[in-house]
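Take a look at the structure below.
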Amino acid sequence: MESLFQDLSSDQEHKAIETAYGLGGQVDADGAQALVARMRHGDEQEREMAAVALSAAGRVAVDALRETLADLDPWMRATVADIAGDLGRESLALVPDMERALDDTDVWVRHNALQALALWGREARGAEERVVAALTDAEPFVRFNALGALMNMRPLDARCAEWFKHVATNDEAHPQWQAQDALRRWDNAALRY
C-alpha cells in the first residue's frame, strides 16, 4: 500500500490518477485518514491525488471527511465538501455536516456543500430549510447551487415557484437564468395535468 501512496506523486499524471482511483478502492478507515494527512501535508499533486483517492474510497471515507470539515484550512473544508458529493449515496451520512457547512465563512465550502446536497437530491431533503436560507447568500454562485439543490430536493410546487420567482426577478444572471428555467418547467408541467 505504501508504494501506491508514493505513486500518487508520479511525474506521469495518468499514472498518478490511475493510482489514486486504485488506492481509493483499497483503503479502509485508517487508509482514509492517511489520505487526509496527504491532503493536509503533501505537495500540490499529492494533495490533489489524495482527494481523488478519497472520492473513490466510498463509505469508509465518511468519518475522515467529517473530521476534516473542522479543519482550519478552507481548501481542505471545500475539498471535503466536494468529495462528499463525489461519493454520492455512500456519503449520505454527511447531510447534517453539509447543512452546517452552509454557515462556513469560506464561499467555496458553501458552494461545494450545496453542490453535494444537490447531488443527493430528495435524500437530502431534511436540509431544505437551510438550502432555502442559502438563496440569500452574498455570492451568486452559491445562490445558483442553492437553486439546483432545491430543484433536486423537491417537486416544483407552489412554494418552490415563489422562491424561484423571487430569484428570477431579483438576482444576478446565472441564478436568474436557472430560476427562470425552473419556472418554465413548472409551468409546462402544470399545463400537462
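Residue 615 is where the sequence shown starts when you use the numbering used here, and the numbers rise one by one after that. Where is the CB? At the ideal position from N, CA and C, for every residue including glycine.
| query | By Cβ distance, which residues of its chain are closer than 6 Å to Y807, with the 5 residues on each side in sequence left out? | reply | Its pLDDT being 33, under 50, Y807 is placed unreliably in this model, and the coordinates cannot settle the point.
| said: Between which residues of its own chain and T682 is the CB-CB distance below 6 Å, once the five residues before and five after are set aside? | reply: Same-chain partners within the cutoff: V650, M690, V694.
| task | Using three-state DSSP, classify V746 as helix, strand or coil. | result | The answer is helix: DSSP assigns V746 an H, G or I state.
| Cα-Cα, which of D657, A772, A698 is closest to L733? | The shortest Cα separation from L733 among D657, A772, A698 belongs to A698.
| query | Do you know how far the Cα of R673 is from the Cα of A634? | reply | A634 and R673 have their C-alpha atoms spaced approximately 16 Å apart.
| said: Looking only at its chain, what residues have a beta carbon closer than 7 Å to the beta carbon of N759, apart from the 5 residues adjacent to it on each side? | reply: Hits under 7 Å: H725, L728, Q729, A732.
| message | For E681, report the span of its alpha helix (DSSP H) as first-last. | response | Note, E681: alpha helix (DSSP H), 676 to 682.
| task | Sort A643, S669, P710, F778 by Cα distance to R757 and report the nearest one. | result | Checked all of A643, S669, P710, F778; the closest Cα to R757 is F778.
| Delimiting residues of the alpha helix (DSSP H) encompassing A630 | A630 -> alpha helix (DSSP H) spans 627 to 638.
| message | Residues in the same chain with beta-carbon distance under 7 Å from G639, minus the five sequence neighbours each way, listed in chain order, please. | response | Contacts found: A670.
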